[in-house]
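In what follows, a structure is listed as structure tokens, so that the remarks can point back to it.
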Amino acid sequence: MLNVLVIGKPSYEKIVDLCLIARAFGASGIVFTSEDKRLESKSQRFCKDICDKWGGKFSVSFTANWKSYLREKRNYKTIYLTRYGIPMKQMEYTIRTYKNVLAIVSFSEKIKELYTIADFNISITSQPHTTASSITALLRTYYHDRELSMHFENAKYKIIPEQHGIHIDKMD
-18 MLNVLVIGKP SYEKIVDLCL IARAFGASGI VFTSEDKRLE SKSQRFCKDI
32 CDKWGGKFSV SFTANWKSYL REKRNYKTIY LTRYGIPMKQ MEYTIRTYKN
82 VLAIVSFSEK IKELYTIADF NISITSQPHT TASSITALLR TYYHDRELSM
132 HFENAKYKII PEQHGIHIDK MD
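In structure tokens, the structure reads:
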């Protein structure tokens, strides 16, 4: 089980983007730091609608205090995704050995404290990159590309691959 913790204050559009990416690439859920109840409600409703239509289980939740949330997840291996850590390529086999993983990304700032709190400080690249790209890279590495052929249970719709055009089947 791989979950994502996003520290910072992303806009609703960024929340939607990160939720779609995390879900599509195999995360079990995502947690944002926020105390905005309207934003929480709107984001949770969006993710519920996506799962209702396209299947699968994915949770989106919010916490006011990321440190408290980390304490609750003591049984998870924590991975802080940055551009400063050990290259992911060097860590890929190690991180795949853990069943419960919590990926941590900081949306707007570097949090020096996380360099010592997290079990691993892993760099996606040693270049500037987006939060979305770091989540995608970790999920692809963790699942060893198996996420590209995942089956989402209870889907009402299914995309049928086409060379040219769009084909979406409504499931019965």
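Residue 8 in the numbering used here sits at position 27 of the sequence shown; the count goes up by one each step and never skips. Even glycine gets a Cβ: it sits at the ideal position worked out from N, Cα and C.
Let me check understanding here. Comparing Cα to Cα, which of the options lies closest to residue i?
i        : options                           : result
Arg19    : Tyr(-7), Leu(-17), Pro109, Phe133 : Tyr(-7)
Ile(-12) : Leu51, Lys34, Met(-18)            : Leu51
Gly37    : Leu(-17), Val86, His125, Phe133   : Phe133
Leu(-14) : His125, Asp126, Ser115, His148    : Ser115
Ser42    : Asn56, Thr111, Gly66, Asp17       : Asp17
Val86    : Gln71, Met72, Tyr65               : Tyr65
For a test of the three-state rule: what should DSSP assign to residue i, helix, strand or coil?
i      : result
Ala84  : strand
Lys29  : helix
Phe111 : A small correction: the amino acid at residue 111 is Thr; Phe does not occupy that position in the sequence shown. Looking at Thr111 - three-state DSSP - the assignment turns out to be coil, as it is neither helix nor strand.
Tyr123 : helix
Could you tell me how far apart the beta carbons of residue i and residue j are, in whole angstroms, since I believe they sit closer than 8 Å?
i       : j      : result
Asp(-2) : Ala113 : 6 Å
Are the C-beta of residue i and some C-beta of chain C separated by less than 8 Å?
i      : result
Ile147 : Structure shown: chain C not included; a single protein chain is present.
Note to self: For a minimum of 4 consecutive residues, which ranges assigned as the alpha helix (DSSP H) are wholly contained in the stretch 43 to 99?
What the structure shows: 47 to 53, 69 to 76, 93 to 98
Item checked: the stretch 5 to 14 / the stretch 89 to 106 touching (three or more Cβ pairs under 8 Å) -> By the C-beta criterion, the stretch 5 to 14 is judged not to be in contact with the stretch 89 to 106, since fewer than 3 inter-stretch pairs fall below 8 Å.
Margin query: Ignoring anything shorter than 3 residues, give me the beta strand (DSSP E) runs that lie fully in the stretch -14 to 40, in order along the chain.
Written below: 10 to 14
Notebook entry, point to check: Quick check: the stretch 60 to 72 against the stretch 81 to 96, are there 3 or more CB pairs under 8 Å?
Noted result: yes
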